[in-house]
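Chains as they are written, first to last, in the working numbering: chain A, 1204 to 1550; chain B, 1204 to 1550.
For reference, the structure is listed below as structure tokens.
Protein chains: 2
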Amino acid sequence: MKRSPNQGFTPRLSIRSVASRARVSIATVSRTINHVSTVNAVLAARVWKAVDELNYFPNSQARALVSGKSKLLGLIISEITNPFFPELIQEFEKVAVERGYEILIGSTNYEPKTMELCARRMFERQVDGVAIMTFGIEQFLLDRFASDDVPVIFIDIPSKHPRSDILSVDYRAGIWEGVQHLAALGHRKVAFISGPLQHRSAGARKSAFLDCIRCAGIKPNQKWLIEGNHTLEGGRDAMQKILALPDLPTAIMCSNDMTAIGVQHALFDASLKIPEDFSLIGFDDIHLAEYTIPPLTTVQMSCKDLAQAAMTSLLSRLQPRKDKVEPEEPITTRLVVRRTTGPPKAS
Amino acid sequence: MKRSPNQGFTPRLSIRSVASRARVSIATVSRTINHVSTVNAVLAARVWKAVDELNYFPNSQARALVSGKSKLLGLIISEITNPFFPELIQEFEKVAVERGYEILIGSTNYEPKTMELCARRMFERQVDGVAIMTFGIEQFLLDRFASDDVPVIFIDIPSKHPRSDILSVDYRAGIWEGVQHLAALGHRKVAFISGPLQHRSAGARKSAFLDCIRCAGIKPNQKWLIEGNHTLEGGRDAMQKILALPDLPTAIMCSNDMTAIGVQHALFDASLKIPEDFSLIGFDDIHLAEYTIPPLTTVQMSCKDLAQAAMTSLLSRLQPRKDKVEPEEPITTRLVVRRTTGPPKAS
DNA sequence: TAAACTCGTTGAAACGTTCTCCGAATCAGG
DNA sequence: CCTGATTCGGAGAACGTTTCAACGAGTTTA
Chain A
1204 MKRSPNQGFT PRLSIRSVAS RARVSIATVS RTINHVSTVN AVLAARVWKA VDELNYFPNS
1264 QARALVSGKS KLLGLIISEI TNPFFPELIQ EFEKVAVERG YEILIGSTNY EPKTMELCAR
1324 RMFERQVDGV AIMTFGIEQF LLDRFASDDV PVIFIDIPSK HPRSDILSVD YRAGIWEGVQ
1384 HLAALGHRKV AFISGPLQHR SAGARKSAFL DCIRCAGIKP NQKWLIEGNH TLEGGRDAMQ
1444 KILALPDLPT AIMCSNDMTA IGVQHALFDA SLKIPEDFSL IGFDDIHLAE YTIPPLTTVQ
1504 MSCKDLAQAA MTSLLSRLQP RKDKVEPEEP ITTRLVVRRT TGPPKAS
Chain B
1204 MKRSPNQGFT PRLSIRSVAS RARVSIATVS RTINHVSTVN AVLAARVWKA VDELNYFPNS
1264 QARALVSGKS KLLGLIISEI TNPFFPELIQ EFEKVAVERG YEILIGSTNY EPKTMELCAR
1324 RMFERQVDGV AIMTFGIEQF LLDRFASDDV PVIFIDIPSK HPRSDILSVD YRAGIWEGVQ
1384 HLAALGHRKV AFISGPLQHR SAGARKSAFL DCIRCAGIKP NQKWLIEGNH TLEGGRDAMQ
1444 KILALPDLPT AIMCSNDMTA IGVQHALFDA SLKIPEDFSL IGFDDIHLAE YTIPPLTTVQ
1504 MSCKDLAQAA MTSLLSRLQP RKDKVEPEEP ITTRLVVRRT TGPPKAS
């Protein structure tokens, strides 16, 4: 940056330009654009006119520097190429922009190393808050955010120690509906393709499934519990493993929709039909699920609700108001029946 | 922000803390962490030690304020829920983070209004550069960026006035391969479902198609030129319109893969088979295209190439080096044959 | 031996805001 | 018309950094 008296030209458009054009002090301009009520209406009008004519807008860096608030929010997700997350991002962005925030996105790709890098990026940009929408998070990262007084929201299963920065999801409800649906159709041999199990919430989905299966009076078969990785490839590979088994299940539940789509692909490749040969249930209800062939029966977790709950909670922590932070309702899940489930093949 | 002498406590971790701990001036600290070569090795070591012990990192707001560089890059896309864009974002993010930049994402949802809002957001955060990866952009927005000396990169068709801030895509090459492929299979009746035609590059894809069709000696039929909107729904609706026609085409080309997936859905609903009843070709080659049922034959536009070319060009404009900005090669496109094309039904 | 140069370090100004404090202006009541 | 209350505008410090100008200690030259 040039330090010379005036570096020649370019008297950069600043609050000062507005002040002089409106013939008021810079303080008055500042108060006007920050909607402080005590400012005289006549002057305010002059200020707004000047702002408009100059097409001025405040320098957010300077604002951030002095206020200590960057108006930046971090959003850490697992994998941006999994359509569930873009849908989530879209909701986040909407709410954030409405409230004057921008979003910094970090994609971990399921690697703890990358997760750490993302967290560091968030730190360096001094985000005002972070939403961690991955399937799990390391404790030490949470601690680090906490030690910097950065509010953090993350997803987890409902717990009896309701720390309000946890957004709890009731995975069981939807999975239970799914299992019941399958049982009602006559399925007794149900496989489950999980997500990467080192992630808490992937594990939570799997335990919910096992729990439900037992409640339905079905004894789970270890052979039919496959670990996937929440990707298309993972779903395909897992299904191929299942097909290689001597004793086949009649229905497959998946930890997310991408896995289910991978399964559909594997079955198509093997010339097997859904739902005639296998029933299939996904999880998430991404928009695409309605468009698979055949349309996917899946457990819906409203990412709209999720994003809004996360944002509400995050923002309420940023602007401490008198209204108490209400204990968050758990996010609910429910079955959406489409066309990948049917009675088991009479074998 | 409290203005009282010391607001009690919290002597915020700053470059000053490091300076006093390393027993040097803040200027020396600054030069050290910015890798200015003239700094004495002994002092540098002391500084790095202090940095490490305090776990210090510089405040990016302050940096941005004084340097005039926000190290923020804008990325404006059409629609984050179209999987093509997340794939693009992923590449962008990778390159950007490597170079110390963060990305601000704006999704226009094809609305000029929203596009304007996005541009404004970018302005307010004083991004150092913007990549506009939508299917078109208003001239006045480009002008505004230009008047603020913000480098802009956007996509367009190859033109004889190669302004280096245009990333040109050779849509024709891939579409030509697609048309030839169909013609070779015996198709003479080919429909095209375009994107929203107010967008330049959607229009470009359509003209490329018309051009290729004529070159292949086929007379295009106006009835088979449907305007879609690059979404699943748009593809489905367009296909339903086509199915209502008295004279049916035998093959469908789509302006993007999402449209093609919508077409597959409409055909599935109508109990029509691909490729037996209709051949289908998409555009983009999103990752999902390999996983549709049947796997989608499509024109590949490497979003990796696209993102990297965009970033390279953008970054080279940010750090003007001696090495001349090479004239960008147009991004190429090519056909990927999978299983949605076959000979036309003998009617 | 003093002057002229280097080299490396430091103090201080500047970036564009916000916000506190204080002085000036306005107004109502006596 | 004067006093006290009230309201509003302006000067200036502070935020955390970068970088310029200046300075001090060595080193070389006259």
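Ideal placement from N, C-alpha and C gives every residue a C-beta, glycine not left out.
Since the model is a prediction, treat every value here as computed from it, not as a measurement.
CB contact below 7 Å: residue i versus chain B
i	result
L1518 (chain A)	no
R1541 (chain A)	no
L1435 (chain A)	yes
T1462 (chain A)	no
A1349 (chain A)	no
R1537 (chain A)	no
E1290 (chain A)	yes
T1317 (chain A)	no
Y1494 (chain A)	yes
L1370 (chain A)	no
F1471 (chain A)	yes
A1478 (chain A)	It should be pointed out that residue 1478 (chain A) corresponds to Pro in this sequence rather than to Ala. False, the Cβ-Cβ gap to chain B never drops below 7 Å.
F1260 (chain A)	yes
Q1511 (chain A)	no
Helix, strand or coil at residue i [DSSP, three-state]
i	result
M1456 (chain A)	strand
I1496 (chain A)	coil
T1501 (chain B)	strand
I1421 (chain B)	coil
T1235 (chain B)	helix
G1277 (chain B)	strand
S1228 (chain B)	coil
I1477 (chain B)	coil
I1416 (chain A)	helix
F1260 (chain A)	coil
L1483 (chain A)	strand
S1404 (chain A)	helix
R1537 (chain B)	strand
S1220 (chain B)	helix
I1396 (chain B)	strand
S1519 (chain B)	helix
V1242 (chain B)	coil
CB of residue i within 7 Å of CB of residue j, strictly
i	j	result
M1461 (chain B)	L1435 (chain B)	yes
A1405 (chain A)	I1360 (chain A)	no
T1453 (chain A)	H1402 (chain A)	no
L1268 (chain A)	L1268 (chain B)	yes
F1471 (chain B)	I1496 (chain A)	yes
P1546 (chain A)	L1385 (chain A)	no
I1574 (chain A)	L1517 (chain A)	Nothing can be reported for residue 1574 (chain A): it is not among the residues displayed for chain A, which extend from 1204 to 1550.
L1538 (chain A)	G1381 (chain A)	yes
V1227 (chain B)	V1254 (chain B)	no
Q1467 (chain A)	D1488 (chain A)	no
R1580 (chain B)	P1354 (chain B)	Chain B is shown only over 1204 to 1550; residue 1580 (chain B) falls outside these bounds and no answer can be derived.
Q1264 (chain B)	Q1264 (chain A)	yes
I1396 (chain B)	A1441 (chain B)	yes
P1449 (chain B)	T1543 (chain B)	no
Y1374 (chain B)	A1411 (chain B)	yes
L1413 (chain B)	P1399 (chain B)	no
Residue i at chain A interface by Cβ criterion, 7 Å
i	result
S1240 (chain B)	no
Q1522 (chain B)	no
L1268 (chain B)	yes
P1301 (chain B)	Sequence inspection shows Glu at residue 1301 (chain B); the Pro mentioned does not correspond to that position. Taking Cβ atoms only, chain A never reaches closer than 7 Å to E1301 (chain B), which makes this a no.
I1280 (chain B)	no
F1343 (chain B)	no
Q1264 (chain B)	yes
T1501 (chain B)	no
R1328 (chain B)	yes
L1307 (chain B)	yes
Q1401 (chain B)	no
Complete runs of the alpha helix (DSSP H) confined to the segment 1282-1359 of chain A [at least 4 residues]: With a minimum length of 4 residues, the continuous alpha helix (DSSP H) runs that stay inside the segment 1282-1359 of chain A are 1287-1301, 1315-1327, 1342-1350.
Contact the segment 1272-1289 of chain B vs the segment 1421-1428 of chain B: 3+ CB pairs below 8 Å: By the Cβ criterion, the segment 1272-1289 of chain B is not in contact with the segment 1421-1428 of chain B, since fewer than three pairs of Cβ atoms, one from each stretch, lie closer than 8 Å.
contact_flag[the segment 1474-1483 of chain B, the segment 1321-1334 of chain B] where n(CB pairs < 8 Å) is 3 or more: no
Given 8 Å, three or more beta-carbon pairs between the segment 1236-1250 of chain B and the segment 1279-1292 of chain B: no
Segment contact flag, the segment 1290-1310 of chain A with the segment 1507-1518 of chain A, C-beta cutoff 8 Å, min 3 pairs: By the criterion of at least three beta-carbon pairs nearer than 8 Å, the segment 1290-1310 of chain A is in contact with the segment 1507-1518 of chain A.
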